[in-house]
Amino acid sequence: MALKNINPTKTQAWGKLTNHFNENKNINIKDLCKDKNRTADFSLELGDLSVDFSKNRITKETIGLLVELAKEVDLKDAIEKQYVGAVINVTEGREVLHTALRSNSEEPILIDGKNIKPQIQTALRKIRSFSNKVISGKWKGYSGKSITDIVNIGIGGSDLGPDMVVESLQYYKNQLTTHFVSNVDGDHVSEVIKKLNPETTLFVIVSKTFTTQETITNAETLKNWFLKSATIFDIPKHFVAVSTNLEAVDNFGIDKANVFPMWNWVGGRFSLWSAVGLSISLSVGYDNYRALLDGAEEMDLHYKNTDFENNIPVILALLSVWYNNFYEAETEAVLPYSQYLKKLPDYLQQAIMESNGKGVDRNGDTIDYQTGTIVWGSTGTNMQHAFMQLVHQGTKLIPADFIGYKESLYGLTDHHKKLMANYHGQIEALAFGKSKEEVYLELKFSGEEDKIAKLLPFKVFEGNRPSNSVLFDKLTPHSLGKLIALYEHKIYTQGILWNIYSYDQFGVELGKELAKKLLNTH
Ligand code: G6Q
Numbered sequence: 005m006a007l008k009n010i011n012p013t014k015t016q017a018w019g020k021l022t023n024h025f026n027e028n029k030n031i032n033i034k035d036l037c038k039d040k041n042r043t044a045d046f047s048l049e050l051g052d053l054s055v056d057f058s059k060n061r062i063t064k065e066t067i068g069l070l071v072e073l074a075k076e077v078d079l080k081d082a083i084e085k086q087y088v089g090a091v092i093n094v095t096e097g098r099e100v101l102h103t104a105l106r107s108n109s110e111e112p113i114l115i116d117g118k119n120i121k122p123q124i125q126t127a128l129r130k131i132r133s134f135s136n137k138v139i140s141g142k143w144k145g146y147s148g149k150s151i152t153d154i155v156n157i158g159i160g161g162s163d164l165g166p167d168m169v170v171e172s173l174q175y176y177k178n179q180l181t182t183h184f185v186s187n188v189d190g191d192h193v194s195e196v197i198k199k200l201n202p203e204t205t206l207f208v209i210v211s212k213t214f215t216t217q218e219t220i221t222n223a224e225t226l227k228n229w230f231l232k233s234a235t236i237f238d239i240p241k242h243f244v245a246v247s248t249n250l251e252a253v254d255n256f257g258i259d260k261a262n263v264f265p266m267w268n269w270v271g272g273r274f275s276l277w278s279a280v281g282l283s284i285s286l287s288v289g290y291d292n293y294r295a296l297l298d299g300a301e302e303m304d305l306h307y308k309n310t311d312f313e314n315n316i317p318v319i320l321a322l323l324s325v326w327y328n329n330f331y332e333a334e335t336e337a338v339l340p341y342s343q344y345l346k347k348l349p350d351y352l353q354q355a356i357m358e359s360n361g362k363g364v365d366r367n368g369d370t371i372d373y374q375t376g377t378i379v380w381g382s383t384g385t386n387m388q389h390a391f392m393q394l395v396h397q398g399t400k401l402i403p404a405d406f407i408g409y410k411e412s413l414y415g416l417t418d419h420h421k422k423l424m425a426n427y428h429g430q431i432e433a434l435a436f437g438k439s440k441e442e443v444y445l446e447l448k449f450s451g452e453e454d455k456i457a458k459l460l461p462f463k464v465f466e467g468n469r470p471s472n473s474v475l476f477d478k479l480t481p482h483s484l485g486k487l488i489a490l491y492e493h494k495i496y497t498q499g500i501l502w503n504i505y506s507y508d509q510f511g512v513e514l515g516k517e518l519a520k521k522l523l524n525t526h
C-alpha cells in the first residue's frame with residue numbers, strides 16, 4: 005500500500021513537456037485569448053465555484069501533457085491510498101485522513117482493523133454539545149457568570165487554521181470574543197490578558213503533543229494569571245484541551261471530561277476539521293462549523309471522483325508545476341478579494357511550504373529538480389497599492405490566484421462593483437498588459453504628445469503574466485471549507501508529482517530541538 009516512487013523528470017511525459025515548453029515558451033496569453041472559446045475551454049465549475057484558468061501560458065496540448073504526467077506518476081493510485089487510510093506519511097508511519105473528518109458517508113475506514121468513523125462522530129457530538137452550552141450561556145464560570153471570551157492557545161497547525169477560519173467567518177460570528185495566543189513572545193500573551201476577565205474566559209489549549217514549548221509556556225502563564233483570582237478547583241470550568249497526550253493534559257490539571265481528541269492520522273496543518281477547530285465551532289456555532297466540513301467534503305468527492313482534465317485541484321497543481329519546473333517561477337501569489345480572508349495567505353504558507361518544501365524524494369535521494377513553491381499574498385485591493393507594481397512590471401514571473409466572490413455579505417453593491425472591477429481589471433492587466441501602441445495613442449489623445457519620447461517605455465506593460473480566477477458566489481462556511489480543501493488537495497497532488505512526502509515536517513522539528521538545547525545551556 006506504499007506510495008509509488010517515480011521520478012517525474014524521468015517520465016515520458018516530462019520529456020514531452022520539455023520539448024513542448026521549448027517550442028512554445030514564448031506563447032502569449034493575449035494571442036491565445038483571441039480564441040472565442042478559450043474561457044469556456046479553460047474553465048471548470050463545481051456548484052457555487054467557477055475556476056477560470058484561461059489566462060495561463062498554456063494550450064490544450066499543455067494540459068494534455070500535464071495530465072499525462074499525472075497519469076504516469078500514478079496520481080490516481082496516490083489519491084485512492086490517501087482516502088482509504090494507507091500509511092502514506094511513511095516517514096512518520098501514519099495514515100493521512102483529514103478527509104475522513106468531514107465525510108458524511110457511512111463507509112468504514114479501518115485503522116488497525118478498527119473503523120475510525122464512530123470516534124469521529126463521537127468527537128463531533130462532543131464539540132456540538134459543548135459549543136451549544138457555552139454559546140447559550142448555560143456553561144458557567146467559577147463565579148456563576150456565562151462565558152464571554154474564548155482564548156485558543158496553540159501554535160502552527162493548532163493555531164493558524166482556526167485563527168484563519170474564525171477571521172474569515174467573522175460575519176457569521178456570535179457574541180463570544182475569540183482570541184488567539186501562539187507566539188512564545190510574552191508580549192503576545194500579555195496583550196491578550198489585558199482584554200480578559202478570568203470569571204468569564206474559557207481557555208482552549210490545543211496541542212496534539214502537549215509538549216510544544218510555546219503552547220505550554222503560554223498555557224502555564226494564563227493558568228497562573230487565572231489562579232490569581234480563582235482556585236485550582238475552578239480550572240475545570242475554564243480550561244479545556246484538545247490533545248492526544250492525556251497524561252500531560254491530566255498533569256496540567258484539566259478534567260478528563262474536558263479533553264477533546266486528536267489523532268495521529270491527522271496532521272497538524274490539516275487538523276482544523278477535527279476538535280482543533282473547537283474555537284471555530286464556539287465562534288460561529290456548530291451548524292456553521294458542520295457546513296464548513298460539508299463544503300470540504302464536496303471538494304473531497306470532486307477530487308476523488310473526477311478525471312484529471314476536469315479536476316480543479318489537479319489542474320491548479322499541474323499549472324503550478326508547469327510554472328515552477330518549466331518556466332522556473334519561484335513564487336506564487338494568493339490574492340483574495342475579500343478583507344475577511346486576510347489571514348488566508350499566512351495559513352496557506354504553512355500548509356503549502358511545510359508540506360512541499362522538501363529536497364529529498366521518496367527514495368531518500370537528494371532531488372535535482374525544483375519542488376515547493378514560495379507562497380505569499382495579501383488582500384485586494386490593498387495589495388494593488390502595495391506590491392502589485394512588481395507583479396505587473398517587475399522582472400519576475402509570479403503566477404497568481406485571484407480569489408473572489410460574486411456577492412458581498414452586507415450588500416453594499418457600490419463597493420462590491422468597484423471591488424470586482426478591480427479583481428477582473430488586475431487579471432486582465434496582468435494577462436494583456438498595455439502595448440507601446442496603446443501607450444502612444446493614450447499619450448497622444450490626452451494632449452501629452454510631447455512626453456511620448458520620455459515616458460513611453462515606462463508606461464508599457466508587457467502582460468503575459470498568468471493568473472487563475474477562483475470565483476465563488478458568496479463567502480459562506482460551506483464555500484470556505486471548499487476553498488481550503490481545494491488547496492489541501494493541490495498540495496498533495498504536487499507532492500505526488502514531485503515524488504516527495506508532503507505530510508512530514510522534519511525541518512520544523514530541528515528548530516524545536518535546538519531551541520530546547522540552547523535554553524538549557526544559556
Ligand atoms: C503542522 C505541524 C506543526 C504543529 C505545531 C503544534 O503540521 O506539525 O505546525 O501543528 O508544531 O504542535 P502541537 O499541536 O503538538 O502543539
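Residues in the sequence shown are numbered from 5 upward in steps of one, following our numbering. Ideal placement from N, C-alpha and C gives every residue a C-beta, glycine not left out.
### Query
I think A223 touches I157, with their Cβ atoms under 8 Å apart; what is that distance to the nearest whole Å?
Counted from its first residue, the sequence shown places residue 223 at position 219. Counted from its first residue, the sequence shown places residue 157 at position 153. That pair is a contact at about 5 Å.
### Query
Quick one: Cα of I67 to Cα of K40, how far?
Stepping through the sequence shown from its first residue, residue 67 is reached at position 63. Stepping through the sequence shown from its first residue, residue 40 is reached at position 36. Going from the Cα of I67 to the Cα of K40 covers about 18 Å.
### Message
For T216, count the other beta carbons within 10 Å of its own beta carbon; 16 or more makes it buried, fewer makes it exposed. Which is it?
### Response
Position 212 of the sequence shown, counted from the start, is the residue given in the question as residue 216. By the 10 Å Cβ count, T216 comes out buried.
### Task
Please name the residue or residues paired with E313 in a DSSP beta bridge.
To locate residue 313, count along the sequence shown from 1; it is residue 309. Answer is none; E313 lacks a bridge partner.
### Query
Can you tell me the Cα-Cα spacing of K346 and M392, whole angstroms?
Counted from its first residue, the sequence shown places residue 346 at position 342. Counted from its first residue, the sequence shown places residue 392 at position 388. Rounded to the nearest angstrom, the two C-alpha atoms are 16 Å apart.
### Query
Mind checking P122: buried by the 16 CB within 10 Å criterion, or exposed?
Here residue 122 refers to the residue found at position 118 when the sequence shown is read from its first residue. By the neighbour-count rule (16 or more Cβ atoms within 10 Å), P122 is not buried but exposed.
#### Entry: Anticipated Cβ contact below 8 Å, V155 with F214, distance rounded
Here the question's residue 155 lines up with position 151 in the sequence shown. Here the question's residue 214 lines up with position 210 in the sequence shown. Between F214 and V155 the Cβ distance is about 17 Å, and since that is not below 8 Å, they are no contact.
### Task
For my contact list, L501 and V169 are in at a C-beta cut-off of 8 Å; report their separation, rounded to the angstrom.
Stepping through the sequence shown from its first residue, residue 501 is reached at position 497. Stepping through the sequence shown from its first residue, residue 169 is reached at position 165. About 28 Å separates the two Cβ atoms, so there is no contact after all.
#### Entry: Near the ligand G6Q: R273 beta-carbon under 7 Å from a heavy atom
Stepping through the sequence shown from its first residue, residue 273 is reached at position 269. R273: yes, Cβ under 7 Å from the ligand G6Q.
### Message
Closest to G160 by C-alpha separation, out of N93, W380, A300 and Q354, would be which residue?
### Response
Your numbering for residue 160 matches position 156 in the sequence shown. It is Q354.
### Task
Measure from the alpha carbon of K149 to the alpha carbon of each residue in N201, S247 and T377, then state which is nearest.
On the sequence shown, position 145 is the one that residue 149 refers to. Ranking the options by Cα distance to K149, first place goes to N201.
#### Entry: Residue environment, T370, which counts as buried when at least 16 other CB atoms sit within 10 Å
Position 366 of the sequence shown, counting from 1, holds the residue named residue 370. Sixteen is the threshold: since fewer than 16 other Cβ atoms of the shown chains lie within 10 Å of the Cβ of T370, the residue is exposed.
### Query
So, do the region 488–501 and the region 300–309 have three or more beta carbon pairs nearer to each other than 8 Å?
Taking one beta carbon from each stretch, the region 488–501 and the region 300–309 have 3 or more pairs nearer than 8 Å; the two touch.
### Task
My understanding is that P340 touches T310, with C-beta atoms under 8 Å, so please give their C-beta distance in whole angstroms.
The residue labelled residue 340 in the question sits at position 336 within the sequence shown. The residue labelled residue 310 in the question sits at position 306 within the sequence shown. So it is not a contact: roughly 24 Å between Cβ atoms.
### Close-in-space but distant-in-sequence residues of the same chain around G381 (CB under 6 Å, 5 per side omitted)
Counting from 1 along the sequence shown, the entry for residue 381 is found at position 377. Excluding sequence neighbours, G381 sits near A337, V338, L339 and P349.
### Task
Scan the region 217–256 and note each continuous alpha helix (DSSP H) run of 4 residues or more that stays entirely inside, going in chain order.
217–231, 239–242 and 250–256
### DSSP three-state assignment for F436, whether helix, strand or coil
By one-based count along the sequence shown, residue 436 stands at place 432. DSSP places F436 in helix when its eight states are reduced to three.
### Query
With a CB to CB cut of under 8 Å and the five nearest residues on each side skipped, what residues in its chain are close to T335?
The residue labelled residue 335 in the question sits at position 331 within the sequence shown. The answer, listed in chain order, is T377, I378, V379, W380, K400 and I402.
### Task
Pull up the CB-CB distance for N93 and Y505, whole angstroms please, since I reckon it's below 8 Å.
Here residue 93 refers to the residue found at position 89 of the sequence shown. Here residue 505 refers to the residue found at position 501 of the sequence shown. 7 Å between Cβ atoms; contact.
### Whole-number beta carbon distance between K362 and I83, since they are thought to touch under 8 Å
For the purposes of this step, residue 83 is taken as residue 79 along the sequence shown, with counting starting at 1. For the purposes of this step, residue 362 is taken as residue 358 along the sequence shown, with counting starting at 1. The pair is not a contact, with the Cβ atoms about 19 Å apart (cut-off 8 Å).
### Query
So V288 packs on K177, CB below 8 Å; how close in whole Å?
Position 284 of the sequence shown, counted from the start, is the residue given in the question as residue 288. Position 173 of the sequence shown, counted from the start, is the residue given in the question as residue 177. V288 to K177, Cβ: 6 Å. Contact.
### Message
Assuming I284 is part of the alpha helix (DSSP H), what are its boundary residues?
### Response
The residue labelled residue 284 in the question sits at position 280 within the sequence shown. Run containing I284: L282 to V288, per the alpha helix (DSSP H) assignment.
### Task
Just the C-alpha distance for F330 and T181, rounded to the nearest angstrom, thanks.
Here residue 330 refers to the residue found at position 326 of the sequence shown. Here residue 181 refers to the residue found at position 177 of the sequence shown. Approximately 47 Å, taken between the alpha carbons.
### Query
Is any heavy atom in the ligand G6Q found nearer than 7 Å to the beta carbon of V170?
Mapped onto the sequence shown, residue 170 falls at position 166. No, the Cβ of V170 stays beyond 7 Å of every heavy atom of the ligand G6Q.
### Task
Could you spell out where the alpha helix (DSSP H) holding F57 opens and where it closes?
By one-based count along the sequence shown, residue 57 stands at place 53. Careful: F57 lies outside any alpha helix (DSSP H) and carries neither H nor E.
### Message
Along the chain, where does the beta strand (DSSP E) containing A337 start, and where does it finish?
### Response
Counting from one through the sequence shown, the residue named residue 337 turns up at place 333. Where A337 is concerned, the enclosing beta strand (DSSP E) stretches over T335 to P340.
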